[in-house]
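*Asks:*
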Amino acid sequence: MADTISPPLPITGARERTGGRAGLALNAFFAMLRRDLVVTGREFIPFLLQALMQPLFFLFIFGKILPGIGLAAPHFATLMLPGIVALTGMIAAMQGVTLPLVLDLGYAREIDDRLLSPLATWWVPLEKVLFAAIRGTIASSVIFPLGWLILSTGFAVRSDRIPTLICMVILTALVGSTIGLLMGTVIKPEQISLMFTLIFTPLLFTGCTYYPWGALGNVRWFQVVTLFNPLTYAAEGLRYSMVPPFGGHDFPTLGVSWILVALGTSVVLMFLLGTRTFLRRVVS
Amino acid sequence: MATPNFAQDRDSAPAAIEVRNLVKRYPKSASNAVDGVSFEVGRGEIFGLLGPNGAGKTTIIGALTTFIVPTAGSASIMGFDVAHRPIDVKQRIAVVPQQSNLDRSLKVREILTFHAAYHGTARRQREMLADKLLEELGLGDRKNEKVNRYSGGMSQRIMIARALMHEPDVLFLDEPTNNLDPQSRLFLWERIRDLNAKGLTILLTTHDMDEADRLCQRIAVMDHGKILVNDTPRELKKLIPGGTVLEVRAYARPTESTRAGELLIAALRDMPGVTKVDEVADDAPEPTQAGAGQFGGPGAGRSPAPVPPQSSAPANEPGILSYRVYADSANALIGPVAQAVVSCGAEVRDLSVKQPTLEEVFIFLTGRHLR
Ligand SMILES: Nc1ncnc2c1ncn2[C@@H]1O[C@H](COP(=O)(O)OP(=O)(O)O)[C@@H](O)[C@H]1O
Ligand SMILES: [Mg+2]
């Protein structure tokens, strides 16, 4: 142990601080992103297991077993796969931001270090959201090879809407991460498991994950309810870009422009709300 | 905007910290946590905020480090207004909070390197600096561990190392040695002095008199969100009436002790340079430092703050007489006081000169103990 401490300390603050404001902020932003990638990379397998366990069984039971014993139509798997992709991406993105934020803002305040970086405070939630969206996108993407392995003939992806598909996967993840931001900033640590139940369960079952929206025509009121769930648009958007035409007709989904508007609105709105509560939590 | 003549710039450079009429009232709170505080910290100074829990020290640090929006008043760091130029401020400050906020997902060395990366330090430089600081803070062999396992002392060192990674101008230490073992405390005190010697401006908070006394060049004594006094430790101690204290314990036969006591008090008050004589309850917890026992109100006419005098009715063991004599020079009184005791028909049990401490200053100012 050395006797003295000797960082090259400035005497009067004369040290040059180069790089513009934007440069500094971007630099800090990417460093934070890199930090999150390093941390996730270290627990990549647990992350994948957490994100994929449930969809894996869903695909297996509902896409393979039920059609196999005649309890579901063979094309059920084809219609469900996009729903699973949407759900997986959204949940993985939500979990990527909610839980860390609740803990950070709760007692440990581990985020302070990043709040003291030379950037405007709202960059910090922005980074959280983008990073969680990356997690969601990865989780969604892994569903494709899994689906292909498990579903065999039920696996189908249109080849003519790949760019739309990519766009939908990313948007879905962003929807999840921005909702996660809002949740992470309003939930208190002691409420976390209750809130997960209260929010996830309805989200899951009103989100048109396991059934196409159009098939709800006979249960009109429920069909309307589902329109308030962003997951509905994500699932329908993925159906739009994945399900191949039957007998010369495109599979009927919600209109793609409505889908894009709804998803885009949700992202912007949730981000603004979440950032507002975030700022309130970190600055008093 | 660049000043070519740096020496000239230095003279007119703004203070490291400037706080003007700062007020903070938390939402739903009935009173101000910080209640109109103003002070200035010069560049290269170690400045202490000394006060009991709840005095508002942490709130002031929060307001100076962009975490707390003041209700009124303003603050600036190195000439940059905290409210209007937060990013300039963030570049120039480092904070070691009261409780660990270390990033527990990272390894120790990464905590430092990422911190520097957030501040835009190039990779080569931040890695070099991290290794150097870890070595100097005695953490070299633990740099690849994660933080959870560390003691408070370890966390404190890591947080200090982290704080230095972006070469700040002003370092904030919130109760840096609270809950540390004595050895870690000494280690930290030395580091703090080293850093200051290299030009770093340091603002620390503490409720430890001894710590404030040893480390700080200037101290603001706080209570209830207000600064009571702000001066060098030396000057603060001069607030004690007379400046020095002589403590005397004597014994007289119980039947005669009342009379002896009256005579003795009169004799003590007549001595040259004596400003005040207090009777001390002998069964009070024996003070470890002067002042920790009984302390009457401030000396008549010398009080800088209105404090209600504590009227204590000493309940001594029969025959024991115990007094504190405040005087300009307590040393010179040892002989005369001993003689006075004898001539009053009592015998000396104990006679000691107490150096005035900040503890006494605080009691003197607020009429109560710090903790
Ligand atoms: N976030 C908060 N919300 C409401 N009151 C607070 C908050 N933080 C501190 N206080 C109150 O403000 C006062 C000053 O607290 P603080 O600045 O932490 O004092 P110190 O650091 O000197 O112990 C205390 O009465 C405390 O209860
Ligand atoms: Mg405090």
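Protein chains in written order, with our numbering: chain A, 2 to 285; chain B, 21 to 391.
All C-beta atoms in this analysis are idealised placements derived from N, C-alpha and C, irrespective of residue type, glycine included.
To the nearest angstrom, report how far apart F272 (chain A) and V176 (chain A) are at their CA atoms.
*Replies:* 9 angstroms
*Asks:* Do A53 (chain B) and T79 (chain B) have their beta-carbon atoms positioned less than 7 angstroms apart in this structure?
*Replies:* yes
*Asks:* For G107 (chain A), report the span of its alpha helix (DSSP H) as first-last.
*Replies:* From DSSP, G107 (chain A) is part of no alpha helix (DSSP H); its letter is neither H nor E.
*Asks:* Say yes only if the C-beta of K65 (chain A) is nearer than 6 angstroms to one or more non-hydrogen atoms of ligand 2, and no if none qualify.
*Replies:* no
*Asks:* Less than 8 angstroms between the CB atoms is what I'm expecting for A32 (chain A) and A236 (chain A), so what's the real figure, rounded?
*Replies:* Contact flag wrong, Cβ pair sits at about 35 angstroms.
*Asks:* Using a Cβ distance threshold of 8 angstroms, determine whether the stretch 153-173 of chain A contacts the stretch 241-248 of chain A, with at least three qualifying pairs required.
*Replies:* Yes, the stretch 153-173 of chain A is in contact with the stretch 241-248 of chain A.
*Asks:* Cβ closer than 8 angstroms: which chain B residues qualify as neighbours of A78 (chain A)?
*Replies:* Within chain B, no residue comes near A78 (chain A); the closest Cβ sits about 38 angstroms away, beyond 8 angstroms.
*Asks:* Considering only the beta carbon of each residue, do L82 (chain A) and A73 (chain A) sit closer than 7 angstroms?
*Replies:* The answer is no: Cβ separation not under 7 angstroms.
*Asks:* Once the 5 residues before and after I222 (chain B) are set aside, which same chain residues still bring their CB inside 6 angstroms of it?
*Replies:* I66, L191, N216
*Asks:* Terminal residues of the continuous beta strand (DSSP E) containing D298 (chain B)?
*Replies:* 294-299
*Asks:* Measuring from each Cβ to the nearest heavy atom of ligand 2, keep the ones under 7 angstroms and list them in chain order.
*Replies:* B:N73, B:K77, B:T78, B:Q118, B:D194, B:E195, B:T225
*Asks:* Cβ of Y108 (chain A) within 6 angstroms of any heavy atom in ligand 1?
*Replies:* It does not: the Cβ of Y108 (chain A) is nowhere closer than 6 angstroms to a heavy atom of ligand 1.
*Asks:* Between S125 (chain B) and chain A, is there a C-beta pair that is closer than 7 angstroms?
*Replies:* S125 (chain B) counts as touching chain A.
*Asks:* In this structure, what does DSSP give as the bridge partners for A240 (chain B)?
*Replies:* Beta-bridge analysis with DSSP links A240 (chain B) to B:L69, B:N250.
*Asks:* Going along chain A in order, which residues have a C-beta closer than 8 angstroms to the C-beta of P253 (chain B)?
*Replies:* Residues of chain A passing the Cβ test: none, with the nearest at roughly 24 angstroms.
*Asks:* Listed from N- to C-terminal order along the chain, which residues in the stretch 111-145 of chain A have their beta-carbon within a distance smaller than 9 angstroms of any beta-carbon of chain B?
*Replies:* E111, I112, D113, D114, R115, L116, L117, S118, P119, L120, A121, T122
*Asks:* Let me know the beta strand (DSSP E) ranges lying completely inside the stretch 86-131 of chain B, each 3 residues or longer, listed in chain order.
*Replies:* The beta strand (DSSP E) runs lying completely inside the stretch 86-131 of chain B and spanning 3 residues or more are 92-97, 113-116, given in chain order.
*Asks:* Residues in its own chain within less than 6 angstroms of K163 (chain B) by CB, not counting five upstream and five downstream?
*Replies:* V128, R129, L154
*Asks:* By DSSP, does N351 (chain B) sit in helix, in strand, or in coil?
*Replies:* helix
*Asks:* Is any non-hydrogen atom of ligand 1 found closer than 6 angstroms to the C-beta of A75 (chain B), if you look at the structure I gave you?
*Replies:* yes
*Asks:* What are the partner residues of H250 (chain A), as DSSP defines its beta bridges?
*Replies:* A:F247
*Asks:* Classify Y108 (chain A): buried if its beta carbon has 16 or more other beta carbons within 10 angstroms, exposed otherwise.
*Replies:* The C-beta of Y108 (chain A) has fewer than 16 other C-beta atoms within 10 Å across all chains shown, which makes the residue exposed.
*Asks:* For I401 (chain B), which residues does DSSP report across the bridge?
*Replies:* Absent from the model: residue 401 (chain B). The displayed extent of chain B is 21 to 391, so no value can be given.
*Asks:* Could you name each continuous alpha helix (DSSP H) segment of 4 residues or more that falls completely within the stretch 117-189 of chain A, going from the start of the chain to the end?
*Replies:* The stretch 117-189 of chain A contains these whole alpha helix (DSSP H) runs: 124-152, 163-187.
*Asks:* Can A53 (chain B) be considered in contact with ligand 1, in the sense that its beta carbon sits closer than 6 angstroms to one or more heavy atoms?
*Replies:* yes
*Asks:* Flag R36 (chain A) as yes if its beta-carbon sits less than 7 angstroms from any beta-carbon of chain B, otherwise no.
*Replies:* Taking Cβ atoms only, chain B reaches closer than 7 angstroms to R36 (chain A), which makes this a yes.
*Asks:* Tell me, please, which residues DSSP counts as bridged to K163 (chain B).
*Replies:* Looking at the DSSP assignment, K163 (chain B) forms no beta bridge with any residue, so it has no partner.
*Asks:* For a contact defined as C-beta to C-beta under 9 angstroms, what are the partners of L122 (chain B) on chain A?
*Replies:* By Cβ distance, chain A contributes A109, E111, D114.
*Asks:* For L84 (chain B), which of helix, strand or coil comes out of DSSP?
*Replies:* helix
*Asks:* Please state whether DSSP places T221 (chain B) in a helix, a strand or coil.
*Replies:* strand
*Asks:* Counting only Cβ pairs nearer than 8 angstroms, list the residues of chain B close to R22 (chain A).
*Replies:* I107
*Asks:* Mind checking which residues open and close the beta strand (DSSP E) that includes A23 (chain A)?
*Replies:* No beta strand (DSSP E) contains A23 (chain A), which is instead part of the alpha helix (DSSP H) from 22-43.
*Asks:* Please specify which runs of the beta strand (DSSP E), each continuous and at least 3 residues long, are wholly inside the stretch 254-284 of chain A, giving them in chain order.
*Replies:* none
*Asks:* Looking at V89 (chain B) and V284 (chain A), is the spacing between their C-beta atoms short of 7 angstroms?
*Replies:* Their beta carbons are under 7 angstroms apart, which means V284 (chain A) touches V89 (chain B) by this criterion.
*Asks:* Answer yes or no: does any C-beta atom of chain B fall closer than 7 angstroms to that of G14 (chain A)?
*Replies:* Caution is warranted here: a pLDDT of 35 is assigned to G14 (chain A), below 50, making its placement in the model unreliable, and no coordinate value can be reported.
*Asks:* Going by the C-beta, is Y46 (chain B) closer than 6 angstroms to any heavy atom of ligand 1?
*Replies:* yes
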